[in-house]
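The structure under discussion appears below in the form of structure tokens.
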Amino acid sequence: MTKKVLFCITGSIASIKAPFIIRELRAQGFSVTCVLTEAAKKFITPFSVALLSDNDCYDEEDFWSKNNLHITLAQSHDILLIAPATANTIAKCAMGIADNLMLNCFLAFEGKKVVVPAMHTEMINNKVVQENIKRCRQNNCLILGPTYGELLSDDQGYGRMVEPLEIAICLRKLQFNGMDLSKKNILITAGGTTEKIDPVRILSNQSSGKMGVALARLAYINGANVTLISTKKSDDIGYQKMIQVNNSEELLSAIKESMSTTDTLIMAAAVSDYLPVYNDKKLKRDDNSQIPVKKNQDILKDITQTYDIDTVVGFCLQDDIQDSELPLKKSAKKGCDYMIANDSSNIGSDNRTYKIYDQKECIAEFDNVSIDEAAYRILSKTIH
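Sequential numbering from 400 applies to the sequence shown in our numbering.
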């Protein structure tokens, strides 16, 4: 059944991105109905969003001419999205003020509400704004962003609205929001490390980082404070802390720097087992074809032996997913509470086969499920 989004657009320069948000939402399979504030109409027209959404668009004139419109809209939609959300709108949502159609819809809406802030750095960092955001979060609102990037007046900083595609992806993942992780501080690693052989060559692996990113998104959507350490810049999804690294040394350093605020570690990154002996000059084709390597340190083992972490989740790649000896052995060696056995045939695929082990046995398994479904099952089985 098609999910219906009530898309509320407020008066911000970021509202010029509303057409792109509508397009991305529809591409994800949502039906979109738009509500514009009077200030929003200074940046975008009701006609344009109605045309793009292929649905009616509502504004203040409709509010006063149609009986109980806010109730009808609130009861007939599954998700309420406010994007962009200005400081003024966030304050009114936090205080329960209902002086326009959008705010009346917000107060009457009993489903999942997603608020996407957009404002200048000084405004988003204002103590009052932060208190209002906190109050909205406590009242069943998912706060998405803001992120870092270009702002008005040629400024760069924190306060930029999350990109339209990421907003749409987040809404799609709301079907996996049945957990309460609000008290968890989760550190997740993703991607494959790259180790330099010489100035132009590297030793790496084919890890896509998709599972780590899916875990980070779903953990955030379910209320966790998330830090994502990834080898891929593209994994910066805009609404949680993201640290980019390249090699295993940088990964270890980033993990250590994050440990003081971490109670749960999910080590989904694929770390090189071996390090090439670096040559500071490009190897020539007619040189010795053998590349000397040395065994890499076991990052996960080192971390669990050094830090007291409430929950540690590791991953191991297996050619034979039915072999239970390897994941249990690795779990004990690395000091994990849970080990996720990953079928090697999954590499690069959008569907996954996994087995979840605690310190004694396999506690769950799932075959050929989507990455989102796999991430949800992993979090629900391992984070308590």
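Note that beta-carbon positions come from the ideal geometry of N, C-alpha and C, so glycine has one too.
The model shown is predicted, which means the values in this text are computed figures rather than measured ones.
Indicate whether G608 and A623 have their beta-carbon atoms separated by less than 8 Å.
-> no
How would you write the range of the alpha helix (DSSP H) that C504 sits in, first residue to last?
-> Taken as a continuous stretch (DSSP letters only), the alpha helix (DSSP H) holding C504 covers L500 to A507.
Keeping to the same chain, check which residues put their C-beta closer than 6 Å to that of Y638; ignore five residues upstream and five downstream.
-> L543, G544 and V561
How is L571 classed by DSSP in three states: helix, strand or coil?
-> According to the sequence displayed, residue 571 carries Arg and not Leu. Helix.
Check whether the stretch 444 to 464 touches the stretch 521 to 535, counting contact only when three or more Cβ pairs, one atom from each stretch, lie closer than 8 Å.
-> no
Do N678 and D597 have their C-beta atoms within less than 8 Å of each other?
-> Their beta carbons are under 8 Å apart, which means N678 touches D597 by this criterion.
For M738, does the three-state DSSP call read helix, strand or coil?
-> M738 carries a strand assignment under DSSP once its states are collapsed to helix, strand and coil.
If you run the structure through DSSP and keep just helix, strand and coil, what is I587?
-> strand
Which partner residues does R776 have in the DSSP bridge list?
-> None; R776 has no bridge partner.
Quick one: residues in its chain with C-beta nearer than 8 Å to the C-beta of S657, no 5 flanking neighbours on either side, listed in chain order?
-> L586, T626, I628 and I642
Which first and last residues belong to the beta strand (DSSP E) in which N767 is found?
-> Segment C761 to S769, the beta strand (DSSP E) holding N767.
Same chain, Cβ closer than 6 Å to A473, five either side skipped, listed in chain order = Beyond the five residues adjoining it in sequence on each side, A473 comes within less than 6 Å, by CB distance, of C504, A507 and F508 in the same chain, given in chain order.
Going by C-alpha distance, which of C715, I746, Q529 and S748 is nearest Y756?
-> C715
Three-state class that DSSP yields for Y673 in the structure shown | strand
Residue from D742, T471 and K631 whose Cα sits closest to the Cα of V768 | D742
Cα-Cα separation between G713 and T592, rounded to whole angstroms | 16 Å
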